[in-house]
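Notes follow once the structure below has been shown.
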Amino acid sequence: MIETVTLWRPVGPIELDLIRKSGMHAFPPRLPDQPIFYPVTTEDYAVKIARDWNVRDSGSGYVTRFAVRRDYLDQYAVQDAGGRAHREYWIPAEALDAFNAAIVGKIEVVQEFR
Numbered sequence: 008m009i010e011t012v013t014l015w016r017p018v019g020p021i022e023l024d025l026i027r028k029s030g031m032h033a034f035p036p037r038l039p040d041q042p043i044f045y046p047v048t049t050e051d052y053a054v055k056i057a058r059d060w061n062v063r064d065s066g067s068g069y070v071t072r073f074a075v076r077r078d079y080l081d082q083y084a085v086q087d088a089g090g091r092a093h094r095e096y097w098i099p100a101e102a103l104d105a106f107n108a109a110i111v112g113k114i115e116v117v118q119e120f121r
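Count along the sequence shown starting at 1, add 7, and that's the number in my numbering.
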């Protein structure tokens, strides 16, 4: 059996549209000014970003949940981005294809904010 880690990612409407176009299987490539992809370790942290930042910036925010193979994720350390409640992985943009390949199942939208 494949061991997985559940992660969350707060996204805005444009990123969600691109995820949907992948069949809910992959996150889109980073933009040139986005050198790192930041999935987070708790739903509460993802909610805070989606509700407080994505809604402000784009009118809506969404929390996605997905599972990633632990054997892939183990090459990255969890980073504290302002304390224990704000933990995330820092995946280099050039590694996003491999990260997407390590997703098990579909990416789900679990919360929506407007």
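All residues carry an ideal CB built from backbone N, CA and C; glycine is no exception.
What do you get for residue i, buried or exposed, if any count of 16 or more other CB atoms within 10 angstroms of its CB means buried?
i     : result
THR71 : buried
GLU95 : buried
ILE21 : exposed
VAL75 : buried
ILE9  : exposed
ALA53 : buried
For residue i, which three-state DSSP category applies?
i     : result
PRO99 : strand
ARG2  : Outside the modelled stretch of the chain, which goes from 8 to 121, sits residue 2, for which no answer is possible.
ARG94 : strand
ASP51 : helix
ARG72 : strand
ARG37 : coil
ASP87 : strand
How far does the alpha helix (DSSP H) with residue i in it reach, from first residue to last?
i     : result
LEU23 : 20-28
GLU10 : No alpha helix (DSSP H) contains GLU10, which DSSP labels as neither H nor E.
SER65 : 62-65
ARG77 : 77-80
Report the CB separation of residue i from residue j in whole angstroms; it is logged as a contact under 8 Å.
i     : j      : result
TYR69 : VAL116 : 5 Å
PHE73 : ILE114 : 4 Å
### Query
At a cut of 8 Å, does the region 92-112 reach the region 47-62 through at least three beta carbon pairs?
Taking 8 Å as the limit for Cβ pairs, the verdict is that the region 47-62 does touch the region 92-112.
### Message
Any contact between the region 11-22 and the region 56-76? By contact I mean 3 or more CB pairs, one from each, below 8 Å.
### Response
yes
### Message
Below 8 Å, how does it come out for the region 102-114 and the region 35-47: are there three or more Cβ pairs, yes or no?
### Response
yes
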